[in-house]
Amino acid sequence: MLSVWWNIDGIVHYELVPDGRTVNADLYSEQPSRVYGVLKTRYPALINQKRVLLQHDNAPAHRARLTTNRIKDLEGIEVLPHPAYRPDIAISDYTLFRFKSGRISIEDDPRQGRPKFQRTDENVQKITDFIKENPRTTLLELEKDTDIFKTTIGRIVTEELKLKKTPEKFIPRFLTNEQKLCRLATCEDMLEMTRTDPEWKDKIITDDETWVYGYDPETKRQSAEWRGQGEPRPKKSRNKVLLVDFFYNKGIVHHEYLSAGQTVIKEMYLSILRRLRKAIRKKNGQKNGLMVTGSYTMTMPALTQRTW
Numbered sequence: 001m002l003s004v005w006w007n008i009d010g011i012v013h014y015e016l017v018p019d020g021r022t023v024n025a026d027l028y029s030e031q032p033s034r035v036y037g038v039l040k041t042r043y044p045a046l047i048n049q050k051r052v053l054l055q056h057d058n059a060p061a062h063r064a065r066l067t068t069n070r071i072k073d074l075e076g077i078e079v080l081p082h083p084a085y086r087p088d089i090a091i092s093d094y095t096l097f098r099f100k101s102g103r104i105s106i107e108d109d110p111r112q113g114r115p116k117f118q119r120t121d122e123n124v125q126k127i128t129d130f131i132k133e134n135p136r137t138t139l140l141e142l143e144k145d146t147d148i149f150k151t152t153i154g155r156i157v158t159e160e161l162k163l164k165k166t167p168e169k170f171i172p173r174f175l176t177n178e179q180k181l182c183r184l185a186t187c188e189d190m191l192e193m194t195r196t197d198p199e200w201k202d203k204i205i206t207d208d209e210t211w212v213y214g215y216d217p218e219t220k221r222q223s224a225e226w227r228g229q230g231e232p233r234p235k236k237s238r239n240k241v242l243l244v245d246f247f248y249n250k251g252i253v254h255h256e257y258l259s260a261g262q263t264v265i266k267e268m269y270l271s272i273l274r275r276l277r278k279a280i281r282k283k284n285g286q287k288n289g290l291m292v293t294g295s296y297t298m299t300m301p302a303l304t305q306r307t308w
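Sequential numbering from 1 applies to the sequence shown in this note's numbering.
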């Protein structure tokens, strides 16, 4: 360990710290008096005019009471305040030996600036291909696959490709005004039936068709994909199947899943109704609450009609 004291002319005094010792207050507080003796010999005018300015950093040994008291006893020395650690004023480390080698400027050396880190056309194309293959890939996954810094990948994606992560969303079902009026008419019919037949609800079988969506449970963040400006948001569901179900006040009577590509046309719906009739007869035989005789009312999304 080298302890050095110097000024603009060069080194004034230096000491090598003995092996096994640390620069504590006991050791450091003894050095200013020896430096003071050198200054009286080499710069007597400064000592006489009390113009010696001492600057050292805020190390514990420098701020210790023992050290400050001994420096105060040295006539003609004033200690300059030192701010928090800064590389540009850690003089012995960054300036002393460079001045001795011929440096005359106290300004920082020019630097090349912020490195660009592999932001090339080849890497832009590589990132594009990975995102097209898997729009849900993350920056960390791209970093592992391409060996490009994550910050660089982020700039390529946002600045070069103009992409941003867009999460999926559910698409709600909207009713037209005509459908709303049909539902209103159905509700009014039901209110009328309640007044004429209080037990009519036990005879109601409701039919509905709905899309059943299949997708892996995941968070909104996990479902986000890279999309360009103007591109639509990805839809949550990857596949879907049409479910036709019939139910009453005690549960489901009958349900069917249509095969891919099938639509509910007249012939298809009539065949479903025939299978529904068999399911009702089977449940009647089990005496689970359906009426054994009489007529049943089947309600559908758009109309109400009497069957059986």
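The beta carbon of each residue, even a glycine, is placed where N, CA and C say it ideally should be. Note that this is a predicted model, so its numbers are computed, not measured.
Problem set entry | Beta-carbon gap between residue 206 and residue 257 smaller than 9 Å | no
Exercise. Just to confirm, are residue 240 and residue 212 a CB contact at a threshold of 9 Å?
Worked result: yes
Problem set entry | Span of the alpha helix (DSSP H), counted from its first residue to its last, around residue 165 | Per DSSP, residue 165 belongs to no alpha helix (DSSP H); it is in the beta strand (DSSP E), 163–166.
For this session: Find the nearest neighbour of residue 58 within the set 68, 278, 51, judged by alpha-carbon distance.
Result: 68
Problem set entry | Cβ distance (whole Å) where residue 80 is taken to contact residue 39 below 8 Å | That pair is no contact at about 16 Å.
For this session: Just mark residue 142 as buried or exposed, buried being the case when its beta carbon has 16 or more other beta carbons within 10 Å.
Result: buried
Problem set entry | Supposed contact pair residue 165 and residue 233 - C-beta distance, whole angstroms, cut 8 Å | 11 Å between Cβ atoms; not a contact.
Problem set entry | Beta carbon of residue 140 nearer than 9 Å to that of residue 150 | yes
For this session: Indicate the three-state DSSP secondary structure (helix, strand or coil) for residue 196 in the structure shown.
Result: helix
Exercise. Whose C-alpha, out of 34, 33, 77, is nearest the C-alpha of residue 45?
Worked result: 77
For this session: Mind checking which residues open and close the beta strand (DSSP E) that includes residue 227?
Result: 225–228
Exercise. Buried or exposed: residue 152, going by 16 or more other Cβ atoms within 10 Å of its Cβ?
Worked result: buried
For this session: Please confirm whether residue 201 and residue 194 have their CB atoms less than 9 Å apart.
Result: yes
Exercise. Mind checking residue 14: buried by the 16 CB within 10 Å criterion, or exposed?
Worked result: exposed
For this session: Kindly provide the ranges of any beta strand (DSSP E) runs that are 3 or more residues long and lie completely inside the segment 44–73, ordered along the chain.
Result: 52–54
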